[in-house]
Amino acid sequence: MNIWLGCGGYSNTEWAEEGLIYEGVRKDAYLEVYAQHFSAAELNSSFYAIPGLKAFEGMVRRAAGHDFRMAVKLNKVFTHDRAPQDADFDRMLQSPEPLREAGMMGPYLAQFPYSFHRTRDNRLYLAELTERFAGHELAVELRHGSWDIPEVRGGMADYGVIWVSPDYPPVGGMPEPQVHVTGEVGYLRLHGRNEGSWWEGSSAAERHDYRYTRAEMDEWAEKIALVEGELSELYVFFQNTTKGHALHNIPMLREALEARGLRVITPNPADTGRLL
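If you use this note's numbering, the sequence shown corresponds to residues 15 to 290, in order.
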């Protein structure tokens, strides 16, 4: 099993603070520096506007020379508005072609909101969406707890869809923090455990303001080790990027995984003298 570790997004301007990885780095060089430290990233910008071919070509150039994968988040028209047109599908499927050609393409990520409950209409919509992405790796995050049943994961396995295993704050009503396998590829998103701001937080940064302890990283390493024989690839993305929390947690998880004999894809960072 190859384990790819990274963050939800790579352009966090907070990481330019003293001692963090972008200190003194131009914004147009962020991805180049990021790829020196981490083997994978989730592309967040595609949620707001689908980049064109040239934008993806630029990403490939900046990450070139590294064993690197990028998961591409589906635009909000697919998951929140849920009214995609044929042109949206065409652009979403065609624009990342430079990543595929370079061997850097990870799964697509469909991040549905908590309000997307398990109803008949929503089940039908999800089935239609997965059909349109057939032939591509599609990871689906379903935040409402009504989806967290074996029958749903069995259906996803039948359709070749990746269940996104989450780590949420223990606030109830959402899927449990377990690694579930629906195919050869696994996908884990670690959101932090900030109970106080998950529902009341005014921004994603506030909700994800949490730094995992070493014991919590050991806990996840144990869960990952249990499915080692069932997966060929596992993507692990930390969403607690605010204040640089993820930059500290990823090395913790990497060490815990390697201590258990698991294969973590690790870049060889340049000697920049920065954190990590």
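No residue lacks a Cβ here, since even glycine has one placed at the ideal position from N, Cα and C.
Could you please give the first and the last residue of the uninterrupted beta strand (DSSP E) stretch that includes residue i?
{"i": "L202", "result": "V199 to L204"}
{"i": "E145", "result": "That residue, E145, is in no beta strand (DSSP E); its alpha helix (DSSP H) goes R134 to R146."}
{"i": "Q125", "result": "M119 to Q125"}
{"i": "M84", "result": "R83 to K87"}
Look at residue i and residue j and say whether their C-beta atoms are less than 9 angstroms apart.
{"i": "P121", "j": "V74", "result": "no"}
{"i": "G206", "j": "Q253", "result": "yes"}
{"i": "Y139", "j": "P183", "result": "no"}
{"i": "V185", "j": "W212", "result": "yes"}
{"i": "N26", "j": "T256", "result": "yes"}
{"i": "P281", "j": "F52", "result": "yes"}
{"i": "G197", "j": "V175", "result": "yes"}
{"i": "R274", "j": "N16", "result": "no"}
{"i": "D42", "j": "I279", "result": "no"}
{"i": "Y128", "j": "H94", "result": "no"}
{"i": "L156", "j": "P189", "result": "yes"}
Among the residues of its own chain, which have a CB less than 6 angstroms from the CB of residue i, if the five just before and after it don't count?
{"i": "Y48", "result": "Y24"}
{"i": "L202", "result": "S179 and V250"}
{"i": "V241", "result": "V193 and V195"}
{"i": "A270", "result": "M231, D232 and A235"}
{"i": "F92", "result": "P98"}
{"i": "E46", "result": "R76"}
{"i": "T286", "result": "Residue placement at T286 cannot be trusted, given a pLDDT of 46 that sits under 50; what the coordinates show is reported in the next sentence. Answer for T286: no residue qualifies."}
{"i": "R208", "result": "Position check: residue 208 holds Asn in this sequence, whereas Arg was assumed. Taken in chain order, the residues that qualify are P183, D223 and Y224."}
{"i": "Y173", "result": "T144"}
{"i": "M170", "result": "W177 and T196"}
{"i": "G200", "result": "L245 and L248"}
Considering only residues of the same chain and omitting the five flanking positions on each side of residue i, which have a CB-CB separation below 7 angstroms?
{"i": "N89", "result": "S60, F61, I64, D102 and M106"}
{"i": "L67", "result": "S109, E111 and P112"}
Starting from residue i, follow the alpha helix (DSSP H) in both directions and report where the run begins and ends.
{"i": "L113", "result": "E111 to E115"}
{"i": "D100", "result": "D100 to Q108"}
{"i": "S217", "result": "That residue, S217, is in no alpha helix (DSSP H); it is neither H nor E in DSSP."}
{"i": "W177", "result": "Looking at the DSSP string, W177 is not in any alpha helix (DSSP H); the run it does join, the beta strand (DSSP E), is I176 to D181."}
{"i": "A97", "result": "Here A97 belongs to no alpha helix (DSSP H), and DSSP marks it neither H nor E."}
{"i": "V371", "result": "Nothing about residue 371 can be reported from this structure: the residues present for the chain run from 15 to 290 only."}
With residue i and residue j assumed to form a contact (beta carbons below 8 angstroms), what rounded beta-carbon distance in angstroms separates them?
{"i": "A235", "j": "L267", "result": "6 angstroms"}
{"i": "M118", "j": "R83", "result": "6 angstroms"}
{"i": "L261", "j": "I35", "result": "6 angstroms"}
{"i": "A54", "j": "L19", "result": "6 angstroms"}
{"i": "E56", "j": "A85", "result": "5 angstroms"}
{"i": "A124", "j": "V154", "result": "5 angstroms"}
What residues in its chain sit with their C-beta under 8 angstroms from that of residue i, if we drop five residues either side in the sequence?
{"i": "E31", "result": "E37 and G258"}
Answer yes or no: the CB of residue i versus the heavy atoms of the ligand NAD, is any distance below 8 angstroms?
{"i": "S211", "result": "The model depicted lacks the ligand NAD and carries no ligand whatsoever."}
Q | Length at least 4, wholly inside the segment 149-174: the alpha helix (DSSP H) runs in chain order | A | 164-172
Q.
To test your reading of the DSSP string, which unbroken alpha helix (DSSP H) runs of 4 or more residues are found completely within the segment 205-280?
A. 209-212, 218-221, 228-240 and 259-273
Q.
In chain order, what are the residue ranges of uninterrupted alpha helix (DSSP H) at least 4 long that sit wholly in the segment 27-52?
A. 44-51
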